[in-house]
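Asker: Below is a structure I'd like to ask you about.
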Amino acid sequence: LPKPFSLDHLATVVRKALEVQQLREENAQLREELGRRYRIENVIGTGPKMQEVLAAVMRVAPTRTTVLLCGESGVGKDLIARVIHHHSPRAAQPFVKINCTTIPENLMESELFGYEKGAFTGASVSKPGKFELADRGTVFLDEIGDVPPAVQVKLLRVLQDREFERLGSNRTRQIDVRVIAATNADLRRALEEGNFREDLYYRLNVFPITIPPLRERREDIPLLAERFLHKFAAETGSRVEEISPEAMRKLVEYHWPGNVRELENVIERSLLYADGRVLLPEHIRLDYAPRRAVNGTAGAVDGFLPEGMTLDEYEQHLIREALRRAGGNKSQAARLLGLTRNALRYRLSQMGLE
Ligand SMILES: Nc1ncnc2c1ncn2[C@@H]1O[C@H](COP(=O)(O)OP(=O)(O)OP(=O)(O)O)[C@@H](O)[C@H]1O
Ligand SMILES: [Mg+2]
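Using our numbering, you'd call the opening residue of the sequence shown number 5 and step up by one each time.
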């Protein structure tokens, strides 16, 4: 503080200092809250398959080993990635998520690795990429199967040598990042179809963790349903406190194609229909009628190919239908089909549609 100072000035300085102090405290509090949310005890998984997943998570978390999370949409890949980060020595460093499906192909390289001023028209300032921002922390590459081949090469180099250059720069930068990748489709199939580099696949597949779909761990449904019920009831001020046994049976028997995320959505929706303190079956609106009994054989379907159709024709029919439902959006259509964007593109080219 320069002397002499006025009382006014002093008051301002003190107020600023107090504000900063308050922000710091809030920040620490938020971080602690996040840390609590991503504690392993908060991940629901009581059956043997999930217990194995959780044991693998705790084994790999303290290391810098690359993790590949596999599992259908909504099984909890995001959650597990954050849990791994929060149980690692990097917990206080950044966790940077990169959604490879939503970044347009032509922007992906600059998003990931940054650029220098003048690297391309419109690059009026230099900007660090996501990898640089994640230095000393964790990078979470979501939907890794959607990374275009040109970017796959660069990823391989980061994974191998922990180095890269910004776009428009020849200065090589070293970074220390832990990589967690996730895929909801069959990455191995993308590999066979030539849409995914084999060397990159092996670099990513060091420590694979497969999260089972919800229909293969129905024992978790009651706990998850109750967790979501309390969460949404608190948020919306709903009076609902419990789920009736019949309602719970309906939840446990459903096949949950959208997994835990779908269950979360269904509970949120059902609270809007409930009026008393107990959630009843009629309050629960599922998207489809149950297709599989609890003890039904996995993979069983009620129908077969439509009369006179071959498997190829049926596949093409499904692809067209998915595109129609997605309003022509290929990423979304791919998601509906459980394919990567690249795998869908391959099929479309086979059909002469790409
Ligand atoms: N085992 C679990 N225990 C508690 N909550 C869970 C569990 N698994 C998932 N959730 C919750 O379910 C929701 C969906 O999970 P998440 O976003 O991690 O799935 P995802 O596999 O990344 O889905 P997507 O493929 O759609 O990106 C989140 O709100 C998450 O916190
Ligand atoms: Mg996710």
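Just so you know, even glycine gets a beta-carbon here, dropped at the ideal spot from N, CA and C.
Return the bridge partner residues of C74 from the DSSP annotation.
Answerer: Counted from its first residue, the sequence shown places residue 74 at position 70. Beta-bridge pairing links C74 to T187 and T214.
Asker: At a Cβ threshold of 8 Å, is A138 touching chain B?
Answerer: Among the protein chains of the structure shown there is no chain B, as only one such chain exists.
Asker: Would the beta-carbon of Y206 fall within 8 Å of that of L191?
Answerer: Reading the sequence shown from its first residue, position 202 is the one you call residue 206. Reading the sequence shown from its first residue, position 187 is the one you call residue 191. No, the pair does not count as a contact, with Cβ atoms beyond the cut-off.
Asker: Three-state secondary structure (DSSP) at R296?
Answerer: Residue mapping note: residue 296 aligns to position 292 of the sequence shown, counting from 1. Its pLDDT being 39, under 50, R296 is placed unreliably by the model, and nothing is read from it.
Asker: Let me check understanding here. Comparing Cα to Cα, which of Y42, K81, H91 and K53 lies closest to V64?
Answerer: Translated into the one-based positions of the sequence shown, residue 64 becomes position 60. Nearest to V64 by C-alpha distance, out of Y42, K81, H91 and K53, is H91.
Asker: Quick one: using the 10 Å Cβ neighbour count with 16 as the cut-off for buried, is P216 buried or exposed?
Answerer: Taking the first residue of the sequence shown as 1, we reach residue 216 at position 212. Buried, because 16 or more other Cβ atoms sit within 10 Å of the Cβ of P216.
Asker: Compute every distance between the C-beta of N188 and the non-hydrogen atoms of ligand 1, then say whether any falls below 7 Å.
Answerer: Taking the first residue of the sequence shown as 1, we reach residue 188 at position 184. Yes, ligand 1 has a heavy atom inside 7 Å of this Cβ.
Asker: Since N263 and S77 are thought to touch, with beta carbons under 8 Å apart, how far apart are those beta carbons, to the nearest angstrom?
Answerer: Taking the sequence shown and counting its residues from 1, one reaches residue 263 at position 259. Taking the sequence shown and counting its residues from 1, one reaches residue 77 at position 73. That pair is a contact at about 7 Å.
Asker: Of the residues A330, R351, Q336 and T344, which one's Cα is nearest the Cα of E319?
Answerer: Taking the first residue of the sequence shown as 1, we reach residue 319 at position 315. Taking each of A330, R351, Q336 and T344 in turn and checking the Cα distance to E319, the smallest one comes out for R351.
Asker: Rounded to whole angstroms, how far is the Cβ of T344 from the Cβ of A338, which I believe are closer than 8 Å?
Answerer: Along the sequence shown, read from residue 1 onward, the residue named residue 344 stands at position 340. Along the sequence shown, read from residue 1 onward, the residue named residue 338 stands at position 334. The Cβ separation is near 6 Å, so the contact holds.
Asker: Per DSSP, what kind of secondary structure is I102 in: helix, strand or coil?
Answerer: On the sequence shown, position 98 is the one that residue 102 refers to. DSSP places I102 in strand when its eight states are reduced to three.
Asker: I need the DSSP call for L352, collapsed to helix, strand or coil.
Answerer: Here the question's residue 352 lines up with position 348 in the sequence shown. Correct three-state label for L352: helix.
Asker: For ligand 1, is there any heavy atom lying closer than 7 Å to the beta carbon of K81?
Answerer: Translated into positions along the sequence shown, residue 81 becomes position 77. Yes.
Asker: Is the region 46-60 touching the region 113-126 in the sense that three or more CB pairs, one from each, lie closer than 8 Å?
Answerer: no
Asker: At the level of alpha carbons, what is the spacing between G241 and E36?
Answerer: Reading the sequence shown from its first residue, position 237 is the one you call residue 241. Reading the sequence shown from its first residue, position 32 is the one you call residue 36. C-alpha separation (whole angstroms): 25 Å.
Asker: So what does T314 bridge to, in DSSP terms?
Answerer: One-based indexing of the sequence shown puts residue 314 at position 310. Looking at the DSSP assignment, T314 forms no beta bridge with any residue, so it has no partner.
Asker: Roughly how many whole angstroms lie between the Cα atoms of G300 and F211?
Answerer: Here residue 300 is taken as the residue at index 296 of the sequence shown, counted from 1. Here residue 211 is taken as the residue at index 207 of the sequence shown, counted from 1. Low confidence applies here, because G300 scores a pLDDT of 34, under 50, leaving its location unreliable; read the following figure in that light. Cα to Cα, the separation comes out at about 32 Å.
Asker: Given the structure, does D1 come close to ligand 2, in the sense that its CB is under 7 Å from one of the ligand's heavy atoms?
Answerer: As displayed, the chain neither begins before 5 nor continues past 358, which places residue 1 out of reach and without an answer.
Asker: Okay, do the region 134-141 and the region 96-112 touch, 3+ Cβ pairs below 8 Å being the bar?
Answerer: yes
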